[in-house]
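Trainee: Submitted below is the structure of interest, expressed as structure tokens.
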Amino acid sequence: MPRTEGTAPELQYPNELGYYYRVLVQPPKPVWVRLDAILIRDPGAPRHVNGAGLDMTGERPGTLTHWVPTFAGDWMGRVNFAVSYADGRAPLHLTDQLVPAYALRPRAAGDDPRRTPRRR
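Every letter in the sequence shown is one number past the one before it in the working numbering, and letter 114, counting from 1, is 106.
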């Protein structure tokens, strides 16, 4: 998936009048989202365990739809993914979330998203 600004399809093949009759749309890419890289705990903060809270550990499957550059030159992926609750409730589905590039890695087409996520 090319790293581009914006979300518009890429115009291709202009005719002699300058009109484009074909566009290139990149399909979403499967990725793994490192939840513990998104939420970084303050080392000095006291830990208060909440058995009904979100489980922000390990990796979850997601789909990367776009790359968005930051002013500082970093890249953010626009990703759809789900986060599980610790108490087993239905997961929280998140759409169009900006996730830093360092928290994403490619997921092979054969990887089963229902498998136990890899812990880091």
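Even glycine gets a Cβ: it sits at the ideal position worked out from N, Cα and C.
Do residue 24 and residue 97 have their beta-carbon atoms positioned less than 8 Å apart in this structure?
Mentor: Closer than 8 Å, so yes.
Trainee: Thinking just about the alpha-carbon of each residue, which of 39, 34, 82 and 61 is nearest to the one in residue 93?
Mentor: Taking only the C-alpha atoms, the option nearest residue 93 is 61.
Trainee: Between the beta-carbon of residue 74 and the beta-carbon of residue 90, is there less than 8 Å?
Mentor: For residue 74 and residue 90, no; Cβs fall outside 8 Å.
Trainee: Determine whether the beta carbon atoms of residue 27 and residue 52 lie at a separation below 8 Å.
Mentor: Taking 8 Å as the Cβ cut-off, residue 27 and residue 52 qualify as a contacting pair.
Trainee: Less than 8 Å between the beta carbons of residue 47 and residue 78, yes or no?
Mentor: In this structure, residue 78 lies closer than 8 Å to residue 47 by Cβ.
Trainee: State the Cα-Cα distance for the pair residue 18 and residue 39, rounded to the nearest angstrom.
Mentor: Straight-line Cα distance between these residues: approximately 42 Å.
Trainee: Can you check whether the CB of residue 57 is closer than 8 Å to the CB of residue 20?
Mentor: Yes, Cβ-Cβ distance for residue 20 and residue 57 is below 8 Å.
Trainee: How long is the line joining the alpha carbons of residue 29 and residue 55, rounded to whole angstroms?
Mentor: Cα to Cα, residue 29 sits roughly 17 Å from residue 55.
Trainee: Am I right that residue 87 and residue 72 are in contact with their C-beta atoms under 8 Å? What's the rounded C-beta distance?
Mentor: Yes, they are in contact, since the Cβ atoms of residue 87 and residue 72 sit about 5 Å apart, within 8 Å.
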